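Residue 628 in the working numbering is what sits at position 611 of the sequence shown, and the numbering runs on without skipping anything.
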Amino acid sequence: RVILTRMRIPARAAALALAALLAGCAGDGDSEGDQTDEIPRGGTLRIGFVGAADVGTIPTMDPAVIEFEPGMSELHRCCLLRTLVNYRGATTEDGGAVLRPDLAIALPKVSEDGLAYTFRLKPDLRYAPPYEDVPIKAQDIVRAIEYALAGRPAFLAGFLFVIEGAQEFQSGDADTVSGLETPDEHTLVVHVAERVGDFAERFSYAVTAPIPPGADVGHPEIGRIPVSSGPYMVAGAENFDFSRPPSKERLPQGYVFNRRVTLVRNPAWGNDALRAAYADRIVVTVEGPPEKAAAKVDQGRLDVALGQLLPTLEQRERYRRDPELKKRLFAHVGNTVRYINLNVGVAPLDDIHVRKAISLAVDKEALRGAARGVLGGRIAGHIAPDAMLNNLLLDYDPYETAGGRGDVEAAREEMSKSRYDRDHDGICDASVCKGLLAPVRNDEPTNARLGEIVRDNLRPIGVEIEIRSFDPDTYFEEIILPASRVPLIPSLGFGPDNLNAAGILASFYGPSVGTPGGSLSLVGASLRQLKEWKYPVRSVPNVDEKIAECLRLTAGAQVQCWAELDQLLMEKVVPYVPYLFEGAAQVVSDRVARFTFAQSSFVLIAAFDQIALKEGSS
18 RVILTRMRIP ARAAALALAA LLAGCAGDGD SEGDQTDEIP RGGTLRIGFV GAADVGTIPT
78 MDPAVIEFEP GMSELHRCCL LRTLVNYRGA TTEDGGAVLR PDLAIALPKV SEDGLAYTFR
138 LKPDLRYAPP YEDVPIKAQD IVRAIEYALA GRPAFLAGFL FVIEGAQEFQ SGDADTVSGL
198 ETPDEHTLVV HVAERVGDFA ERFSYAVTAP IPPGADVGHP EIGRIPVSSG PYMVAGAENF
258 DFSRPPSKER LPQGYVFNRR VTLVRNPAWG NDALRAAYAD RIVVTVEGPP EKAAAKVDQG
318 RLDVALGQLL PTLEQRERYR RDPELKKRLF AHVGNTVRYI NLNVGVAPLD DIHVRKAISL
378 AVDKEALRGA ARGVLGGRIA GHIAPDAMLN NLLLDYDPYE TAGGRGDVEA AREEMSKSRY
438 DRDHDGICDA SVCKGLLAPV RNDEPTNARL GEIVRDNLRP IGVEIEIRSF DPDTYFEEII
498 LPASRVPLIP SLGFGPDNLN AAGILASFYG PSVGTPGGSL SLVGASLRQL KEWKYPVRSV
558 PNVDEKIAEC LRLTAGAQVQ CWAELDQLLM EKVVPYVPYL FEGAAQVVSD RVARFTFAQS
618 SFVLIAAFDQ IALKEGSS
């Protein structure tokens, strides 16, 4: 069992984190592009959406129906909807990873047992037309949650079902959600069935945005048209009847099904601390192949084009080479970590010295070059992406090597301490070090290359892995399950739902082992599970005590606790070899005067409300 000790946070990282907490929204410190000091207001911001299959769609604006659409999620955050808490559209360095009050007066008050959250709403907040005379009340948030539970329970179960009575309401066994109380119109008390580290952050999701009375009416395909509480509203919404279900024939003029969304200023909105709202209008269009969308940005017909394959490789390289175009290319580190999974229950990886030797032997720079997300990304020295820890561990890497290229001599020195190195020459000579299965998915060519790099890195220390490719279904449903006892997985990644490190670090919690949310390292597995899955070991490292401590905390104290847990895992457990915090790049048109990323998005994306256009951009 791991002995839990207080870890030291590097002084420079702590200072940077404090600066980020105090910083304003002055720009993107790590971006490649330059931007002007004066920030103009006005103009029409033109955004293109391109889907993963080369065709983007806008089939719905309903946050209770959307499952994975980063662009629409950002449109909700920045522009259409306010929630009890939220994030500023900025990078971590500029305070964009700090959860802040939005509709609420302050962050929630959490009960001593961690099972009740009390939010107090600001007074005198109102919706956009035609509800400009309707105040936003706590009951409206209850209405939003109940609407969501009644519509798409499979998607929402992961973060709403923890509320007491949510499952009973969804199944029809209760008329209300018992865990939602509104003592008065400005107070919401939420009772949860168990401690959840990121529960406050879940009230930044657009699905919890308030719905005024009578506007919770949806359509089987379109869902509902959300009533704005943010700086923008759908054009024509003032004449739309929100009490009737929408259809393709009856929509506000600013919403053309699967083609276009046009937003105009909400006259009922007053400035808030999170949204700048520089543009007067925002027009979002569905675009075709990435190459055509990229060309529109080049021509100034789009200001930003968003999609999995954008900017295109050709466009990105062209902008990097040209000194003038480079001013319009922005890149920043995102919230996704790539890592090598080490199964602590399988020999020889059940020896921490072997795991540490692997950590020192791996050429992270080579892995970084082979993986996506190189532009803006950086070598990972720990498990949780820096944004989740507000940069507290920015300079922390206990296995740092020169240039990130790995250090065979240091790795052999560590290996010599292992019981599997019988002659202590730094090379694993036990038979269990040979032929270790290392599965990769065959749907992405880079996965095989990543596996090959790891294989070549480990040979000098006597660890020989066998790379085998599997189709995604077999890979996820059979190969990497705990019962398969796979020693090493060379290419895994984690992307968060929000910026609380609970999403990745609480995966090491014992009760999570063997569940979809549990770590594949087997850290925290019980003796019963080890026997059930036929592991030869009878115990594995366990960090439940530290996780329980973190789950009881909130805000800055919790971030500090997660940082300590990250260090504990890296030094005393070594379940992963993290090698890359992926980056993201964005090209903008010549009309853009100011640009930054929204760090809070699960996929790093442009902060729409923070994009300012040059004077005269109609």
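Think of the CB as a built atom: it goes at the ideal place given N, C-alpha and C, for glycine as much as any other residue.
Please read all numbers here as calculations on a predicted model, not as lab measurements.
| Asked | Found |
| --- | --- |
| Cβ pair count under 8 Å reaching 3, the region 507 to 515 against the region 461 to 480 | yes |
| Status (buried if at least 16 other CB within 10 Å, exposed otherwise) for K563 | buried |
| Beta-carbon contacts of V251 that lie in its chain and below 6 Å, excluding the five residues immediately before and after | P269, G271 and Y272 |
| Minimum length 4: unbroken alpha helix (DSSP H) runs contained in the region 53 to 120 | 87 to 92 |
| Within 7 Å, strictly: CB atoms of P307 and A217 | no |
| Three-state secondary structure (DSSP) of H370 | helix |
| 6 Å Cβ shell around L58 - same chain, five flanking residues per side excluded | It should be noted that the sequence gives Arg, not Leu, for residue 58. Contacts found: Y295. |
| Same chain only: Cβ atoms within 8 Å of D141, ignoring 5 sequence neighbours per side | P152 |
| Outcome for S264 when other beta-carbon atoms lying within 10 angstroms are tallied against a minimum of 16 | exposed |
| Touch test, the region 443 to 451 against the region 468 to 484, Cβ-Cβ under 8 Å, three pairs minimum | yes |
| Closest residue to L570 among Y134, G60 and E86 (Cα-Cα distance) | Y134 |
| When A311, E334 and T109 are compared against G324, the one with the closest alpha-carbon | A311 |
| Contact set for Y552: own chain, Cβ-Cβ below 6 Å, skip 5 residues either direction | G362 |
| CB of S433 within 7 Å of CB of V371, strictly | no |
| Residue burial classification, R18 (beta-carbon count within 10 angstroms, cutoff 16) | Legend: pLDDT at R18 = 30, less than 50; position of this residue unreliable, value from coordinates given subsequently. R18 is exposed by the Cβ-count criterion. |
| Close-in-space but distant-in-sequence residues of the same chain around G76 (CB under 8 Å, 5 per side omitted) | For clarity, residue 76 is Pro in the given sequence; the question names Gly instead. Only E238, I239, F274 and N275 meet the Cβ criterion. |
| Alpha-carbon to alpha-carbon, E149 and F136 | 23 Å |
| Counted within 10 angstroms of its Cβ, other Cβ atoms place P248 as buried (16 or more) or exposed | buried |
| P533 classed as buried or exposed, judged by whether at least 16 other C-beta atoms fall within 10 angstroms | exposed |
| D339 - DSSP class collapsed to helix/strand/coil | coil |
| Same chain, Cβ closer than 7 Å to T109, five either side skipped, listed in chain order | A37, D403, A404, N407, N408 and Q616 |
| Distance, E211 Cα to T329 Cα | 45 Å |
| Rounded C-alpha distance that separates E566 from D514 | 22 Å |
| As assigned by DSSP and simplified to three states, the class of A322 | strand |
| Classification of N358 by the beta-carbon crowding that lies within 10 angstroms, buried from 16 upward | buried |
| Terminal residues of the beta strand (DSSP E) in which F136 lies | A133 to R137 |
| contact_flag[the region 332 to 346, the region 593 to 613] where n(CB pairs < 8 Å) is 3 or more | yes |
| Start and end residues, alpha helix (DSSP H) containing Q187 | A183 to S188 |
| Among E494, V301 and F176, nearest to S221 - alpha-carbon criterion | F176 |
| Start and end residues, beta strand (DSSP E) containing V301 | R298 to V303 |
| A81, buried or exposed, once every other Cβ within 10 Å from all chains shown has been counted against 16 | buried |
| Enclosing alpha helix (DSSP H) for G520 [first to last residue] | A519 to L522 |
| Cβ-based burial, I162 [other Cβ within 10 Å; buried from 16] | buried |
| Own chain, CB closer than 8 Å to R502, minus 5 neighbours either side, in chain order | N360, G362, V363, W550, K551 and Y552 |
| V471 versus R241: straight-line alpha-carbon distance, rounded | 49 Å |
| DSSP beta-bridge partners of T329 | Answer by DSSP bridge pairing: none, since T329 is not bridged. |
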